[in-house]
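Protein chains: 2
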Amino acid sequence: MSIKTVGIIGGGQLGRMLAMAAGRLNFQTLVLDPQANCPAAQFCVAQIIAAYDDTKALERLARECDVITYEFENVPVKAAHFLETQTSIFPPSTALEISQDRLSEKQFFGQCAIPTAPYWQIDSEADLQATLNVNKGMSILKTRRLGYDGKGQVRIQGTDQAASAMAAIHHAPAILEGFVDFVREISVIAARGQSGEIEFFDIPENIHREGILRQSTLPAAIDERLSKKAQEHTHHLLEKLNYVGVIALEFFVTPQGDLIANEFAPRVHNSGHWTETACCVSQFEQHIRAICALPLVKPVRHSDCVMENLIGDDMAQVPELLTQEKITLHLYGKDEVRAGRKMGHFTRLI
Amino acid sequence: MSIKTVGIIGGGQLGRMLAMAAGRLNFQTLVLDPQANCPAAQFCVAQIIAAYDDTKALERLARECDVITYEFENVPVKAAHFLETQTSIFPPSTALEISQDRLSEKQFFGQCAIPTAPYWQIDSEADLQATLNVNKGMSILKTRRLGYDGKGQVRIQGTDQAASAMAAIHHAPAILEGFVDFVREISVIAARGQSGEIEFFDIPENIHREGILRQSTLPAAIDERLSKKAQEHTHHLLEKLNYVGVIALEFFVTPQGDLIANEFAPRVHNSGHWTETACCVSQFEQHIRAICALPLVKPVRHSDCVMENLIGDDMAQVPELLTQEKITLHLYGKDEVRAGRKMGHFTRLI
């Protein structure tokens with residue numbers, strides 16, 4: 559079947575950039591987002607304004623679209639399962655399901671022989687207290703679900719913090735992770751096509767602040783061996799998930815030069831935004847190619863670069879950024895500036 | 559006044575790429591085009607479907623937009639004059655008016671001391687016969703108005719062709735141009751901002767076939783002296799027109815190394831499409847910056863490249879192009895493939 563219309567669940571900046579990439583390859587686009595005038599709406603043929611679990615909306619999406627994808631990992635798994643019975647949805651819902659639960663994710667990394675930090679399942683304050691009594695190093699309590707950009711996380715430094723930490727995460731089911739000492743953070747952005755071909759973007763080195771990505775630099779200061787190893791891990795993950803689309807797998811690099819997987823995102827990723835400026839084919843186009851059964855290409859990077867996010871009040875930098883050479887600025891069409899809100903990004907060629 | 563909404567007259571591929579560039583800088587966009595689902599519609603907030611001289615439509619455009627621009631030079635001058643009384647429209651309507659008439663255009667080049675081919679005003683078969691009797695070299699008869707992509711032109715090689723040539727152009731007012739012997743064609747793509755600053759893109763070398771641009775290559779095989787001269791001519795043109803926005807000025811390069819201006823386009827131009835892939839700031843973004851009173855930037859080119867148009871049946875190349883590295887493909891969302899119709903383009907980094 560020839561694909562004409564791509565459905566996108568979620569109309570934030572990722573949906574917006576996916577819609578642009580889809581349009582440039584002659585696809586029509588329909589976005590589902592509860593927020594009227596979401597960032598993607600401007601670059602889509604149409605928007606369905608409805609909740610992500612609205613059956614009528616999902617039915618319309620399935621009816622009008624030849625393939626469906628999503629821009630965020632908290633799409634209700636039930637919605638994905640429903641859509642699967644009606645049409646094609648990529649990446650596969652198993653990827654969605656696993657990435658929504660930090661415990662499943664860690665277990666799945668284990669099945670793929672991808673190293674992670676030590677972790678413990680925490681279902682109650684008693685669980686946490688018992689675990690802290692035995693494991694006395696620094697650790698991080700993370701809710702199993704709905705954490706992103708550093709939300710739903712508490713750092714723990716002593717055995718007396720069980721009660722306050724559990725209160726801070728509202729006693730949600732959680733995992734406790736041993737703290738990882740790292741010298742840098744990197745991410746692998748890769749794509750797998752419908753016939754199983756895999757292509758890797760060059761690996762960015764990432765800087766987070768308050769749990770939010772701030773900067774990605776190309777190339778990362780890692781050697782060929784580490785880069786190959788990170789790609790191998792990603793390869794296993796993609797194969798095991800029978801994945802289709804772009805994935806991002808984040809790693810810590812330890813002082814000993816080992817890789818520790820942090821988390822994966824079954825979607826295009828903030829640390830891949832530089833690909834729009836420094837590669838012929840962006841992560842957004844590569845994702846659209848994968849889900850629409852077009853060939854993937856080797857995404858050659860023509861320039862070294864640094865991508866920086868514009869978060870909240872960073873928007874005040876825009877007038878100055880507009881005067882600078884060798885910068886590509888990309889704003890997301892969000893009216894309201896809020897603290898911690900991703901408003902845009904820019905990529906500087908170096 | 560701070561600009562929120564940009565109006566675009568004409569929703570073809572140029573309007574589409576302007577809308578994308580405007581959106582990425584947080585502008586809303588409204589496009590006027592008589593054709594429903596025009597290529598730009600997908601990337602605009604809204605489309606007004608109406609004729610270009612529809613007063614109600616123009617009133618709405620003026621009311622809802624803070625600044626208006628256009629993607630083609632055959633916008634009715636009356637419409638531009640009307641809009642000028644209501645809001646800002648860039649480039650200025652004088653540029654539109656001059657470029658719509660080959661005779662005015664040639665005369666204006668003369669006023670700017672920009673060299674052109676010899677030309678004669680032809681209002682009748684008698685005019686043409688008299689001119690041919692005196693000027694016996696090869697020449698081209700061109701309608702003064704509404705010619706584009708080689709339409710409305712007849713090549714003349716003898717004094718006995720006056721009747722047939724005038725019949726071929728339906729006896730429209732015309733000019734006769736002496737044939738120019740050239741070794742290459744180039745174009746200058748430049749922008750002038752509202753405070754008079756001017757920025758030049760690198761100069762492409764262009765290949766036309768059947769009057770339609772096929773290929774632009776960067777850099778052009780010209781020396782620094784010629785490049786500077788072409789920019790100087792463009793500078794004069796921009797100043798004399800008190801221009802705002804992107805302009806394209808096409809030149810022939812003679813075997814003697816002289817420049818002969820062919821025509822100018824008061825808009826973004828097909829020979830500048832490579833700027834999307836090989837520069838940080840594209841011609842489309844530079845145009846939006848100029849008309850929205852944002853600073854222009856020096857558009858640094860990071861790579862050598864070749865841009866090729868996909869015209870009509872060239873679309874059959876798409877499956878093969880999708881497999882090639884170092885290519886950025888850009889399709890225009892046109893359903894119907896027609897001979898001579900521009901369907902897309904691609905830029906190959908070299």
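So the sequences go chain by chain: A and B. Letter 270 of the first sequence, counting from 1, is numbered 828 in our numbering, and no numbers are missing. Letter 16 of the second sequence, counting from 1, is numbered 574 in our numbering, and no numbers are missing. For each residue, glycine too, the CB sits at the ideal point set by N, CA and C.
### Query
Going by the beta-carbon positions, is the gap between A:Asp819 and A:Glu834 smaller than 9 Å?
Note that residue 819 of chain A is Ala in the sequence shown here, rather than Asp. The answer is no: Cβ separation not under 9 Å.
### Query
Quick one: does B:Met865 have its CB under 9 Å from some CB of chain A?
no
### Task
Using 8 Å as the cut-off, classify the Cβ of B:Ile656 as near or not near the heavy atoms of the ligand GDP, replying yes or no.
The ligand GDP is not among the ligands present in this structure, which contains no ligands whatsoever.
### Message
Less than 9 Å between CB atoms is the rule here; does A:Cys602 satisfy it with respect to chain B?
### Response
yes
### Query
Residues in its own chain within less than 6 Å of B:His845 by CB, not counting five upstream and five downstream?
Gly803, Val804 and Val826.
### Message
If I measure Cβ to Cβ from B:Glu663 and keep anything under 8 Å in the same chain, skipping five residues before and after, which residues do I get?
### Response
Ile656, Ser657, Glu821 and Phe822
#### Entry: Backbone CA spacing between A:Asp781 and A:Ser861 [nearest angstrom]
18 Å
### Query
So what's B:Pro728 in DSSP terms, helix, strand or just coil?
The displayed chain sequence assigns His, not Pro, to residue 728 of chain B. The answer is coil: DSSP assigns B:His728 none of H, G, I, E or B.
### Query
Counting contacts by CB-CB distance shorter than 9 Å, is B:Asn632 in contact with chain A?
no
### Proximity below 9 Å, CB of B:Ala594 to CB of B:Asp611
no
#### Entry: Distance between beta carbons of A:Cys602 and A:Thr613, contact taken as under 8 Å
Contact doesn't hold; Cβ gap of about 21 Å is too wide.
### Query
Quick one: what's got a C-beta closer than 6 Å to B:Thr886's C-beta in the same chain, skipping five residues either side?
Thr835 and Thr905
### Task
Measure the C-alpha to C-alpha separation of B:Pro649 and B:Pro731 and round it to an integer number of angstroms.
26 Å
### Message
Quick test of the definition: if touching needs 3 or more C-beta pairs under 8 Å, does the stretch 894-902 of chain A touch the stretch 865-878 of chain A?
### Response
yes
### Query
How many Å lie between B:Phe630 and B:Gln644 at the Cα?
21 Å
### Query
Whole-angstrom Cβ separation of B:Gln605 and B:Gly569, contact assumed at under 8 Å?
6 Å
### Message
So B:Leu817 and B:Leu784 are supposed to be a Cβ contact under 8 Å. How far apart are they, rounded?
### Response
7 Å
### Query
Taking the continuous alpha helix (DSSP H) assigned at B:Val692, which residues delimit it?
Glu683 to Val692
### Task
Buried or exposed for B:Val692, please, with buried defined as at least 16 other CB atoms from any protein chain shown within 10 angstroms of its CB.
exposed
### Query
Does the beta carbon of A:Ile885 sit closer than 9 Å to a beta carbon anywhere in chain B?
yes
### Query
Should B:Gln773 be flagged as near chain A, meaning a C-beta pair shorter than 9 Å?
no
### Task
Could you tell me how far apart the beta carbons of B:Gln715 and B:Met696 are, in whole angstroms, since I believe they sit closer than 8 Å?
With 8 Å as the limit, B:Gln715 and B:Met696 qualify as a contact, their Cβ atoms being about 6 Å apart.
### Query
Are the C-beta of A:Ser861 and some C-beta of chain B separated by less than 9 Å?
yes
### B:Phe713, enclosing beta strand (DSSP E) - first and last residue
For clarity, residue 713 of chain B is Arg in the given sequence; the question names Phe instead. It spans Gln711 to Ile714 - the beta strand (DSSP E) in which B:Arg713 sits, taken as one unbroken run.
### Query
Taking the C-alpha atoms as reference points, what is the distance between B:Gln711 and B:Ile566?
29 Å
### Message
According to DSSP, is B:Ala806 part of a helix, a strand, or is it coil?
### Response
strand
### Task
Give the single residue among B:Asn800, B:Arg574, B:Lys787 and B:Leu854 whose Cα lies nearest to the Cα of B:Thr652.
B:Asn800
### Query
Thinking C-beta only, is B:Phe666 closer than 9 Å to B:Val738?
no
### Task
Mark A:Ala598 as exposed unless 16 or more other C-beta atoms lie within 10 angstroms of its C-beta, in which case mark it buried.
buried
### Message
Counting only Cβ-Cβ distances shorter than 8 Å, please list the residues of the stretch 564-589 of chain A near chain B, keeping chain order.
### Response
From the stretch 564-589 of chain A, only Met578, Gly581, Arg582, Leu583, Asn584, Gln586 and Thr587 have a Cβ closer than 8 Å to chain B.
### Query
Near B:Arg713, which residues of its chain fall below 6 Å by C-beta distance, leaving aside the five closest residues on each side in sequence?
Excluding positions up to five away in sequence, the list reads Ile698.
### B:Glu757 to B:Lys884 span [Cα, whole Å]
Within the model, the alpha-carbon separation for B:Glu757 versus B:Lys884 is close to 27 Å.
### Task
Could you work out which residue in B:Gly736, B:Val589, B:Glu878 and B:Ala675 is closest to B:Val564 when comparing CA atoms only?
B:Val589
### Message
Would you say B:Tyr831 lies against chain A (beta-carbon separation less than 9 Å)?
### Response
The sequence shown places His at residue 831 of chain B, rather than the Tyr named in the question. Not closer than 9 Å to any Cβ of chain A, the Cβ of B:His831 fails to qualify, so no.
### Query
Between the beta-carbon of A:Ser840 and the beta-carbon of A:Pro824, is there less than 9 Å?
no
### Query
Using DSSP with H/G/I as helix, E/B as strand and the rest coil, what is B:Leu854?
coil
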